[in-house]
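Let me begin by presenting the structure, written as structure tokens, before commenting on it.
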Amino acid sequence: MKTHDLCQSLLKDACEDNISFYRGLIEKEPLDAVKDEHWRKVIALARTLTPEQRETLLQFARQSAIDAISTICGAIDGSTQLGGEFLSLSLVDGDGQQHTGALQDEFLSLVERREA
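The opening position of the sequence shown corresponds to residue 129 in our numbering, with each subsequent residue numbered one higher.
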């Protein structure tokens, strides 16, 4: 898997698909069917908001996911500190393709292109 493809998968699977899942929970899931207390509170809160406010909440969740993925990519690249230090990490896929050095830049570039 090429770095670009990995970044596309990260954006789709760890960000966009999760936001779609959250949207479905907020808009359609019966509250009494939700067992997790955290999600019950989030859904109940979201349902008190206007549609525009709900969309703002989902955009905030999306940006939070992007920031988290970017931080992890930067840590793998060695350009972002974790725990106050730069780590020496390596990410190698099943084909032996190494993904380091440009993972964060590629991910953020993909995000920017999608938002344009």
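From the three backbone atoms N, C-alpha and C, an ideal C-beta is built for every residue, glycine too.
Residue span of the alpha helix (DSSP H) that contains residue i, given as start and end
| i | result |
| --- | --- |
| proline 158 | It is not in any alpha helix (DSSP H) - proline 158 carries neither H nor E in the DSSP assignment. |
| threonine 131 | 131–139 |
| glutamate 243 | 231–243 |
Assigned exposure category for residue i - 16 Cβ within 10 Å defines buried
| i | result |
| --- | --- |
| aspartate 205 | buried |
| glycine 202 | buried |
| glutamine 191 | exposed |
Heavy atom of the ligand NAP within 7 Å of residue i beta-carbon
| i | result |
| --- | --- |
| aspartate 145 | Because no ligand of any kind appears in the structure shown, any question about the ligand NAP cannot be addressed here. |
Residues near residue i in its chain [Cβ-Cβ closer than 8 Å; skip 5 each side]
| i | result |
| --- | --- |
| glutamate 243 | none |
| alanine 230 | Thr131, Asp205 |
Cβ pair residue i, residue j closer than 8 Å
| i | j | result |
| --- | --- | --- |
| glutamine 226 | serine 237 | no |
| valine 239 | isoleucine 194 | yes |
| phenylalanine 235 | leucine 138 | yes |
Beta-carbon proximity list for residue i, same chain, < 7 Å, skipping 5 on both sides
| i | result |
| --- | --- |
| leucine 185 | Ala174, Leu177 |
In chain order, what are the residue ranges of uninterrupted alpha helix (DSSP H) at least 4 long that sit wholly in the segment 167–220? With a minimum length of 4 residues, the continuous alpha helix (DSSP H) runs that stay inside the segment 167–220 are 179–205.
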